[in-house]
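Dropping the structure here:
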């Protein structure tokens with residue numbers, strides 16, 4: 001399936017949010033809520049792509065069946081006007097292949113594949129893992145390089161080698177090494193996306209196509225505007241947006257896990273996505289109070305109490 005927002009230099013679009021997975025108060029996946037959230041992110045927050053069942057989507061605690069139903073729900077809601085990228089990574093190559101094939105059947109436009117975690121494989125193992133999954137479907141692949149969670153980085157020479165695969169087209173970078181990323185972009189035909197909201201503008205400055213954001217749940221439209229300003233040559237305008245959003249980024253990304261604070265932020269703006277699943281824990285009253293102040297400081301108006 002063709003990506004509705006893709007271009008050669010931005011194969012999954014430019015502004016993507018790693019979408020939370022809405023749950024009911026009883027802890028079940030709220031599929032209708034996911035459709036409402038996806039539509040809000042695309043239609044109001046100007047996302048041209050969504051990542052479903054990434055870490056922010058609490059993928060470690062959702063079953064394969066829940067992932068499949070969630071993906072199908074989001075594709076049905078927005079798949080005609082936004083790239084829907086399915087998280088299919090795990091630390092088990094065979095399981096990841098199964099998830100990738102399921103995502104293709106469900107209508108995903110692409111795959112997000114995280115570096116295998118916990119087992120800390122060597123670079124050759126990482127290479128074989130990613131190519132095995134890429135070989136299993138016809139979908140374009142975005143690698144997810146986040147050694148803080150996986151324990152192992154994808155080294156630059158491995159990225160260059162992986163870029164030779166016809167379906168491995170992009171990388172979501174969350175290891176904060178702009179120099180290494182610049183070297184890879186200069187050496188290989190691999191599109192970079194910022195995977196760290198604190199560095200969205202710096203990544204654009206060295207050639208990234210866009211970002212996969214967490215704070216995009218509440219300021220996606222502003223980030224989309226920043227990307228457009230930078231790409232049009234208005235660097236000072238982009239910098240002004242970047243600075244205006246600093247309190248929002250701090251409030252969501254530095255207090256607790258992204259899923260926890262993204263859901264808290266959605267609740268504050270009247271778009272509740274329900275609780276988190278264990279082992280995550282809800283934001284504390286103190287964290288929510290600080291988040292409210294940070295949102296206001298960043299120009300985000302909290303809801304009047306009406307939750308949709």
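Residue numbers (the UniProt record's numbering): 1 to 308. Every residue, glycine too, gets a C-beta built ideally from N, C-alpha and C. What you are looking at is a predicted structure, and each value in this text was computed from that prediction instead of being measured.
Distance from the CA of residue 35 to the CA of residue 225, rounded to the nearest whole angstrom, comes to 24 Å. Here the alpha carbon of residue 15 sits roughly 10 Å from the alpha carbon of residue 42. If you draw a straight line from the Cα of residue 232 to the Cα of residue 186, it comes to about 22 Å. With fewer than three CB-CB distances shorter than 8 Å, the region 93-101 does not count as touching the region 154-162.
As a beta-bridge residue in DSSP terms, residue 173 pairs with 145, 194.
Counting only the Cα atoms, residue 92 lies some 12 Å from residue 100. One alpha carbon belongs to residue 189, the other to residue 86, and they sit about 22 Å apart. Judged by their CB atoms, residue 164 and residue 137 are not nearer to each other than the 9 Å cut-off. In terms of Cα proximity to residue 143, the closest of 172, 268, 13, 227 is 172. With contacts defined by Cβ atoms closer than 9 Å, residue 294 and residue 260 do not form a contacting pair. Note on residue 230: 16 or more other CB atoms within 10 angstroms of its CB, so buried under the neighbour-count rule.
For residue 222, the closest of 61, 77, 47, 28 by C-alpha to C-alpha distance is 47. Nearest to residue 151 by alpha-carbon distance, out of 235, 175, 52, 160, is 175. Secondary structure of residue 12 (DSSP, three-state): coil.
In its chain, beyond the 5 residues on either side, 218, 219, 248, 269 have a beta carbon closer than 7 Å to the beta carbon of residue 300. Setting aside the 5 residues that flank it on each side, residue 149 is surrounded in the same chain by 55, 117, each with a C-beta closer than 7 Å to its C-beta; the list follows chain order. Annotation note: the region 28-57 contains the following uninterrupted beta strand (DSSP E) runs of length 3 or greater, listed N- to C-terminal: 49-52.
One Cα belongs to residue 288, the other to residue 258, and the distance between them is close to 13 Å. The three-state reading of DSSP puts residue 296 in helix, counting H, G and I together. Residues of the same chain with a CB within less than 7 Å of the CB of residue 40, apart from the 5 flanking positions on each side, are 271 in chain order.
Straight through space, the alpha carbons of residue 256 and residue 81 are spaced by roughly 32 Å. Exposed is the label assigned to residue 236, since fewer than 16 other Cβ atoms lie within 10 Å of its Cβ. Judged by beta-carbon spacing, residue 178 lies beyond the 9 Å limit of residue 139, meaning their Cβ atoms are not closer than that value. Around the Cβ of residue 278, a 10 Å sphere holds fewer than 16 other Cβ atoms; the residue is exposed.
In the DSSP assignment, residue 213 falls within the unbroken beta strand (DSSP E) covering 210-213.
Taking 3 residues as the shortest admissible run, the region 44-129 contains the following complete beta strand (DSSP E) segments, listed from N- to C-terminal end: 49-52, 83-87, 110-114. Taking a C-beta distance under 9 Å as the contact criterion, residue 74 and residue 50 qualify as a contact pair.
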